[in-house]
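Have a look at the structure below, then the notes.
There are 2 protein chains.
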Amino acid sequence: MNAEVDVRNAVRAQGERARDAACVLARSDDRARCAALAAMARALRAHADRVIEANARDVADARAEGVSESLVDRLLLNPERIEDAVRSLGELAALPDPVGRVLEARTLASGARMERISVPLGVVAVVYEARPNVTVDAAGICVRSGNAALLRGGGLAVRTNVAIAALLRAALVEVGLPASCVEYVDAPGREAAEEMMRLRGLVDVLVPRGGRSLIDTCVRTSTVPVIETGTGNCHVYVHTSADPAMALGIVLNAKCRRYGVCNAAETLLVDEACASEVLPAIAGELAVRGVTLHADELALPLAAGAGATCLPADEHDWKREYLAPHLAVRVVSGLDEAVEHIRRFGTRHSECIVAQDEAASAEFCARVDAAAVYVNVSTAFTDGGQFGLGAEVGISTQKLHVRGPFSCEGLVSYKYVVRGEGQVRP
Amino acid sequence: MNAEVDVRNAVRAQGERARDAACVLARSDDRARCAALAAMARALRAHADRVIEANARDVADARAEGVSESLVDRLLLNPERIEDAVRSLGELAALPDPVGRVLEARTLASGARMERISVPLGVVAVVYEARPNVTVDAAGICVRSGNAALLRGGGLAVRTNVAIAALLRAALVEVGLPASCVEYVDAPGREAAEEMMRLRGLVDVLVPRGGRSLIDTCVRTSTVPVIETGTGNCHVYVHTSADPAMALGIVLNAKCRRYGVCNAAETLLVDEACASEVLPAIAGELAVRGVTLHADELALPLAAGAGATCLPADEHDWKREYLAPHLAVRVVSGLDEAVEHIRRFGTRHSECIVAQDEAASAEFCARVDAAAVYVNVSTAFTDGGQFGLGAEVGISTQKLHVRGPFSCEGLVSYKYVVRGEGQVRP
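Protein chains in written order, with UniProt numbering: chain D, 1 to 426; chain X, 1 to 426.
Below, the structure is given as structure tokens:
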């Protein structure tokens, strides 16, 4: 019990230090923040050995615990991956300064002059899984946008993350900024994460990056505003007017490019009118790639006939984010049913229509409520880098504040500054 | 227990109807939405008698319950106030359409064309006190911005609000939109409000308008994203360089224009170097207006000497939002102490510096973290109408999504629409 209280107090103290650092950062200029990113990059490159050594111990422990190789791969850092992180810091420094912009200026009826100016959010907390590159990206994005970062990655990566944070903090001090612009919460256990969610007044926004259960816990527990990210039950809808070869290419890319990512397609919807023409070819190619299909009763014979491994689908399948070589398949009567299916089961992440008919695709774009709606383009493009935003904090699936992939520009707010000569309101 | 379940189910059913209506609204065009506002205005004007009759019964009940006259005044509607509400709908219709704007357009590296387009949030829930004009304003702002409104006002106003909602819903149907674009939750008891806070997946944002306890309940209970509004512990800081007459005018206006509003000043901070010159005059005029001062030990003799009713202030006073003829007064050593005081006790609403020294005011603007920072202007201007936004949903004191007074423009999100010819990601 005392240990629990100690953890909570320690996390709160980190929140307070981050808040103090945020006040300093808010007054820093663009040059200082870019200098900080450059120093962070130099420190990572110069002392990559420390990070790799810590990472080797994390990886050894993870393997000893029997963690799956795909998770170990996410955890693993090597010189190449550290170089990627360093490059990402350089790209962030090259982005335009999101802070201090005059977004609006006007003279009020009283003669007072009003400006709306972009300002950092303050303290940004990010809770994520055992992917150490996120530590670098999140710290870099926060500092670039004038925010202090309160970070907590998965327990498997704790040594790696502590080593990274130590380098980043030393780099901040080197350029005259407080070390606490980056606070890494290394206390173990659920209490530490829960306390982060309750630092109301110290933390301005909490971004959970991870699976649905992490995000649901944050939404339920947090008294700090949350930006929900990442759950993607994405659909590809093949309209009657689709070019069959294009449909095949998009489905294969959206499903098979990477299975474990939130922008991967999880359900294929095919118009009844073109199902017998389109579906066997798609099912055949998916079979070659080892994808199991969960098909409704109309799709099942077409897919099975093409040699695919098929299971009968039920409503449970329409809801699943497989993140694996599985794809739900449903034959729909047309656009209305497809839109209704997406409305019921989608997670508002990325949705695609394959269609040559422009009226159909325009209607799909207007009616489907998602962060990204694609016409004849793979859902795999929903990504900060692909959207030209640089490294991303996450992909927001909510509609408040930011939607879709977001980076520095998503971590600012604004303030109104009103100047006058004694104006009072009648 | 069963009654409680019934209430929850009824509220959820309203949420579902609002969600369906939001889908229709999202596809409506600007003309239809403006026609709806016009029909709502006509209906209110044509059937004002029904609203006034319902209101008279609410007012009679409130008086019978011994409700204070200031609350009764907020509850009361008369032909003039209804005409104000009608005018406010007309002003909303005149605002530019916030929906369907292309906020950004670019061609991605793959050749696909991306647009970022403003879209309604979807369903906006507003929980407020017994002020029936909010029912009209909130419904109008939501419909103007393409959102369905799920509304719940204070129990004292339930007959009035039900009568207003009936008129607004009939008006919506008259122009071919679903009645459920406006759903009024008239079920009594805490369960109804709580259920509104838990309509995750149906409601996109919850805006509590009211006192701190309502807002705190929403933040703790809600699983829907919340926009916090309204708690204002606002400060006026009189810098050494201030023009004394200007300082007097601003303090009187910020404190005494209206006591019960969130943009009223609650604490006066005065630089030590000018306190003996400035404070007696201010205290004397506040005394004339019946304002009690809660003064620290340096301010107390100066204020008392000028004839003001004074009580010694403690830390509790620095935190209070009096919403009454009371003002905390503290003498500070200078800008640093003033900024630190505001940082510790302020609610990030509206903060004012009175100063002729431009370096001092620039530093105040940069360091004070609030929705609105004023230089030589009264805090009373923090208001949607004064800021040129028209009727406001509320005044956000958080930094996520919107800050300060917000209206239609604060109730939109965006979606990315990406069009191509079969682009896949390597």
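All C-beta atoms in this analysis are idealised placements derived from N, C-alpha and C, irrespective of residue type, glycine included.
What residues in its chain sit with their C-beta under 7 Å from that of D97(D), if we drop five residues either side in the sequence? D30.
Using a Cβ-Cβ cut-off of 6 Å (strictly less than) and excluding sequence neighbours within five positions of M40(D), which residues of its own chain qualify? L89, L168 and A171
Neighbourhood of R17(D) by C-beta distance below 7 Å, restricted to the same chain and skipping five residues each side: Once the five neighbours on either side are set aside, the close Cβ partners of R17(D) are S180 and E183.
Just to confirm before moving on: does the CB-CB distance between V203(D) and A192(D) stay below 7 Å? no
Which class does T267(X) belong to by DSSP, given the choice of helix, strand or coil? strand
Could you list the residues in the stretch 103-116 of chain D with a C-beta less than 8 Å from some C-beta on chain C, going in chain order? Protein chains in the displayed structure are D and X, and chain C is not among them.
Alpha carbon of E195(X) to alpha carbon of V11(X), nearest angstrom: 7 Å
Cross-chain neighbours of M246(D) in chain X, by beta carbon under 9 Å: E421 and G422
Tell me where the beta strand (DSSP E) around Q398(X) begins and ends. Premise fails: Q398(X) is in no beta strand (DSSP E) and is neither H nor E.
Hey, L327(D) and A308(D): beta-carbon distance below 7 Å or not? no
What do you get for H349(X), buried or exposed, if any count of 16 or more other CB atoms within 10 angstroms of its CB means buried? buried
From V329(D) to A281(D), what does the alpha carbon distance come to, in whole angstroms? Cα to Cα, V329(D) sits roughly 13 Å from A281(D).
In this structure, how does DSSP classify L206(X) when only helix, strand and coil are distinguished? strand
Please specify which runs of the beta strand (DSSP E), each continuous and at least 3 residues long, are wholly inside the stretch 106-136 of chain X, giving them in chain order. 113-120 and 123-127
Return the CA-CA distance between R198(D) and E228(X), expressed in angstroms with no decimal places. Distance between the alpha carbons of R198(D) and E228(X): 16 Å.
What three-state label does DSSP hand F406(X) in the structure shown? strand
Show which residues of chain X have a CB atom less than 8 Å away from the CB atom of T223(D). V219 and R220
Beta-carbon spacing of A35(D), V173(D) below 7 Å: In this structure, A35(D) keeps its C-beta atom at 7 Å or more from the C-beta atom of V173(D).
Contacts of H401(D) in chain X (Cβ-Cβ under 7 Å): L400 and H401, listed in chain order.
Would you call the stretch 403-417 of chain D in contact with the stretch 241-252 of chain D, where contact means no fewer than 3 C-beta pairs closer than 8 Å? no
Is there at least one Cβ from chain D nearer than 7 Å to C365(X)'s Cβ? C365(X) counts as touching chain D.
Kindly indicate if chain X contains any beta-carbon less than 7 Å away from that of S396(D). no
In angstroms, rounded to a whole number, what distance separates the CA positions of V424(D) and G100(X)? 37 Å
Quick check on DSSP: helix, strand or coil for H349(X)? coil
Count the other CB atoms, across all protein chains shown, that sit within 10 Å of the CB of E392(X); report buried if there are 16 or more and exposed otherwise. buried
Inter-stretch contact (C-beta, 8 Å, three-pair minimum) for the stretch 384-400 of chain D and the stretch 266-285 of chain D: no
Chain D contacts made by the stretch 120-135 of chain X, where a contact means CB separation under 7 Å: L121 and G122
Residues of chain X with CB closer than 8 Å to the CB of residue 456(D), please, in chain order. One cannot answer for residue 456(D) here, as it falls past the ends of chain D, which runs 1 to 426.
Check whether the stretch 139-155 of chain D and the stretch 42-52 of chain D are in contact - that is, three or more C-beta pairs closer than 8 Å. no
Quick one, are the C-beta atoms of L177(X) and N147(X) less than 7 Å apart? Between L177(X) and N147(X), the C-beta spacing is not below 7 Å.
Between the beta-carbon of R19(D) and the beta-carbon of V123(D), is there less than 7 Å? Cβ distance < 7 Å, so R19(D) and V123(D) count as in contact.
If R367(D) sits next to V339(D), beta carbons under 8 Å apart, how far is it from one beta carbon to the other, in whole angstroms? 5 Å
Using alpha carbons as the reference points, say which of H341(D), A304(D), T135(D) and V162(D) lies closest to R57(D). V162(D)
Local conformation of P312(X) per DSSP, three classes: strand
To test your reading of the DSSP string, which unbroken beta strand (DSSP E) runs of 3 or more residues are found completely within the stretch 238-305 of chain D? 265-271 and 292-295
Shorter than 7 Å from the beta carbon of S68(X) to some beta carbon of chain D? no
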